[in-house]
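Undergrad: As they're listed, the protein sequences go chains A and Z. 145 is the number that the numbering used here gives the last residue of the first sequence; the numbers go up by one with no jumps. 145 is the number that the numbering used here gives the last residue of the second sequence; the numbers go up by one with no jumps. Even glycine gets a Cβ: it sits at the ideal position worked out from N, Cα and C.
Number of protein chains: 2
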Amino acid sequence: MKTKNKNLSSGLEDYLEVIYLAHLNNKQLKGAELARQMNISRASVSEALSKLVSKKLINYNSYEAISITKEGIKQASEIYNKHHTLENFFETVLGIEKNEASENACKIEHIISKNVLEKIHEFTDFWINNKNKL
Amino acid sequence: MKTKNKNLSSGLEDYLEVIYLAHLNNKQLKGAELARQMNISRASVSEALSKLVSKKLINYNSYEAISITKEGIKQASEIYNKHHTLENFFETVLGIEKNEASENACKIEHIISKNVLEKIHEFTDFWINNKNKL
DNA sequence: TATTATTGTAAGGTAAACCTAACACTTTGT
DNA sequence: ACAAAGTGTTAGGTTTACCTTACAATAATA
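Structure follows, in structure tokens:
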């Protein structure tokens, strides 16, 4: 007796994030291209896409470009914001180099709580405005 | 042609961490107790313990207390330090409540890079010494 | 348009972590 | 010392997320 689980797995979040990015950049994105970008087999992408379709986060028909739904955008942008907040904190406050900042953000974005994220965001803003006083 | 993988999975790191804690507190720890603490079946713990034994991170014989090896201590203490550094940062710098700080640390400790961790540590120290100036 | 390239999917497989049920072994308490 | 309680392992399942191989469908191009 399994019911729909509201929360996406890290994996599905990753797919959705790439799709969202393509959407932001007005890039057509097909399954094969997604597979290339994520370094994952076309077969696995195919499976993942049907999950995202059944969760109504994307629309997709074979051989057409993937499109993201309103709800998909909502969820993806949350993840994407987390990514940015983390990356920004790592770079601006901790002085981590962009690449490493991004890699760490990519992993942490899926598991950090909303509240901690907010605090990190606030702190980064605060830091930018006040670090000169130290 | 599979060779030994140097890195532990998150899961095995969790087991090792609990074993390490018992070691620090001079507590005898048997598989069944470990299962209880981690809310996992005895069967799963049994499997996990044989993996840790084969990686020479613990010593273990049925019905005896689990003991951790030198290498096990080395690896566990690294994870444990990460946990502490993160928890401390969340509490001290971000003002997160202990429980949430710990929960987030538990997840992030397995995936954050060593370098970022060090920077967080340094920053926390710096913050403690200088926040009064703001 | 015929051929080649690209794209998508189905089938079947692997590996990791978990589970329950059943059974065997060990320890404890009376 | 023996029954009850506790502990450990095995066998067999599930789920998730990958994979390869093989084939089918579509698109691009000579």
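(1) For isoleucine 107(Z), go through chain A and note every residue whose CB falls closer than 8 Å to its CB, in chain order.
(2) Indicate whether at least one CB of chain Z lies closer than 7 Å to the CB of asparagine 141(A).
(3) Out of Ile122(A), His121(A), Glu102(A), which has the shortest C-alpha to C-alpha gap to serine 113(A)?
(4) Return the CA-CA distance between tyrosine 71(A) and leucine 60(A), expressed in angstroms with no decimal places.
(5) Taking DSSP as the reference, what is the three-state secondary structure of asparagine 140(Z)?
(6) So, at 7 Å on beta carbons, what are the nonlocal neighbours of tyrosine 91(A) in its own chain, with the 5 sequence-adjacent residues on each side left out?
(7) For a cutoff of 7 Å on Cβ pairs, would you count lysine 4(Z) as touching chain A?
(8) Determine, using beta carbons only, whether asparagine 18(A) comes closer than 7 Å to chain Z.
(9) Looking at isoleucine 119(A) and isoleucine 119(Z), is the spacing between their C-beta atoms short of 7 Å?
(10) With a Cβ-Cβ cutoff of 7 Å, do isoleucine 123(Z) and asparagine 115(A) count as a contact?
(11) Just the C-alpha distance for lysine 93(Z) and glutamate 24(Z), rounded to the nearest angstrom, thanks.
(12) Which residues does DSSP pair with serine 78(Z) in a beta bridge?
(13) Which parts of the region 26–57 of chain A are runs of the alpha helix (DSSP H), unbroken and 4 residues or longer, counting only runs that do not cross its ends?
(14) Between Phe100(A), Asn50(A), Leu105(A), which lies nearest to aspartate 136(A) when the distance is taken from Cα to Cα?
(15) According to DSSP, is histidine 132(Z) helix, strand or coil?
(16) Identify the continuous alpha helix (DSSP H) that holds glutamate 111(A) and give its terminal residues.
(17) So, are the CB atoms of isoleucine 77(Z) and leucine 19(Z) less than 7 Å apart?
(18) Considering only residues of the same chain and omitting the five flanking positions on each side of alanine 33(A), which have a CB-CB separation below 6 Å?
(19) What do you reckon, are the CB atoms on histidine 121(Z) and serine 21(Z) nearer than 7 Å?
(20) Excluding the 5 residues flanking glutamate 82(A) on each side, which residues of the same chain have their C-beta closer than 8 Å to its C-beta?
(21) Could you tell me the distance, in whole angstroms, from the CA atom of alanine 46(A) to the CA atom of serine 52(A)?
(22) Please list, in chain order, all residues of the same chain as glutamine 48(A) whose beta carbon is under 7 Å from its beta carbon, the five residues on each side excluded.
(23) Using a C-beta to C-beta distance shorter than 7 Å, which residues of chain Z count as neighbours of asparagine 115(A)?
(24) Helix, strand or coil for glycine 106(Z), going by three-state DSSP, please let me know.
(25) Suppose the cutoff is 7 Å on Cβ atoms and the five residues either side in sequence are ignored; what does the same chain contact list for glutamate 98(Z) look like?
(26) So with Cβ pairs under 7 Å, would you call phenylalanine 100(A) a contact of chain Z?
TA: This is what the structure gives:
(1) Mapped onto the second sequence, residue 107(Z) falls at position 96. Here the neighbours are Asn126, Val127, Lys130.
(2) If you number the first sequence from 1, residue 141(A) lands on position 130. Yes, asparagine 141(A) lies at the interface with chain Z (some Cβ there is under 7 Å from its Cβ).
(3) For the purposes of this step, residue 113(A) is taken as residue 102 along the first sequence, with counting starting at 1. Nearest option by C-alpha distance: Glu102(A).
(4) If you number the first sequence from 1, residue 71(A) lands on position 60. If you number the first sequence from 1, residue 60(A) lands on position 49. The straight-line gap from Cα to Cα measures roughly 8 Å.
(5) What you label residue 140(Z) is simply residue 129 of the second sequence in a count that begins at 1. Helix at asparagine 140(Z).
(6) Position 80 of the first sequence holds residue 91(A). For tyrosine 91(A), where only same-chain residues beyond five positions count, the Cβ hits under 7 Å are Glu28, Tyr31.
(7) Only positions 12 to 145 of chain Z appear in this structure, which leaves residue 4(Z) out of reach.
(8) Looking up residue 18(A) in the first sequence gives position 7. It does not: the Cβ of asparagine 18(A) has no partner Cβ on chain Z nearer than 7 Å.
(9) Against the second sequence, residue 119(Z) aligns to sequence position 108. Against the first sequence, residue 119(A) aligns to sequence position 108. Yes, Cβ-Cβ distance for isoleucine 119(Z) and isoleucine 119(A) is below 7 Å.
(10) As a position in the second sequence, residue 123(Z) is number 112, starting the count at 1. As a position in the first sequence, residue 115(A) is number 104, starting the count at 1. Contact flag set, yes.
(11) Residue mapping note: residue 93(Z) aligns to position 82 of the second sequence, counting from 1. Residue mapping note: residue 24(Z) aligns to position 13 of the second sequence, counting from 1. If you take the alpha carbons of lysine 93(Z) and glutamate 24(Z), they lie about 12 Å apart.
(12) Indexing the second sequence from 1 puts residue 78(Z) at position 67. The partner list for serine 78(Z) (beta bridge, DSSP) reads Asn70(Z).
(13) 42–49
(14) Along the first sequence, one-based indexing puts residue 136(A) at 125. If we check each option's Cα against that of aspartate 136(A), Phe100(A) comes out closest.
(15) Against the second sequence, residue 132(Z) aligns to sequence position 121. DSSP places histidine 132(Z) in helix when its eight states are reduced to three.
(16) Here residue 111(A) refers to the residue found at position 100 of the first sequence. Looking at the DSSP string, the run of the alpha helix (DSSP H) that includes glutamate 111(A) is 109–119.
(17) Numbered from its first residue, the second sequence carries residue 77(Z) at position 66. Numbered from its first residue, the second sequence carries residue 19(Z) at position 8. For isoleucine 77(Z) and leucine 19(Z), no; Cβs fall outside 7 Å.
(18) As a position in the first sequence, residue 33(A) is number 22, starting the count at 1. Excluding residues within five positions, the ones whose Cβ falls inside 6 Å are Leu40.
(19) Numbered from its first residue, the second sequence carries residue 121(Z) at position 110. Numbered from its first residue, the second sequence carries residue 21(Z) at position 10. Their beta carbons are under 7 Å apart, which means histidine 121(Z) touches serine 21(Z) by this criterion.
(20) For this step, residue 82(A) is matched to residue 71 along the first sequence. Cβ neighbours of glutamate 82(A) beyond the five flanking positions: Lys67, Leu68.
(21) As a working mapping, residue 46(A) is identified with position 35 in the first sequence. As a working mapping, residue 52(A) is identified with position 41 in the first sequence. Rounded to the nearest angstrom, the two C-alpha atoms are 6 Å apart.
(22) Position 37 of the first sequence holds residue 48(A). Excluding sequence neighbours, glutamine 48(A) sits near Val29.
(23) If you number the first sequence from 1, residue 115(A) lands on position 104. Those within 7 Å of asparagine 115(A) in chain Z are Ile123, Ser124, Val127.
(24) Residue numbering aside, residue 106(Z) sits at position 95 when the second sequence is read from its first letter. Residue state, collapsed to three classes: coil.
(25) If you number the second sequence from 1, residue 98(Z) lands on position 87. So the list reads Ala112, Ser113, Ala116, once near-sequence residues are dropped.
(26) Taking the first sequence and counting its residues from 1, one reaches residue 100(A) at position 89. For phenylalanine 100(A), the answer is no, since every Cβ of chain Z falls outside 7 Å of its Cβ.
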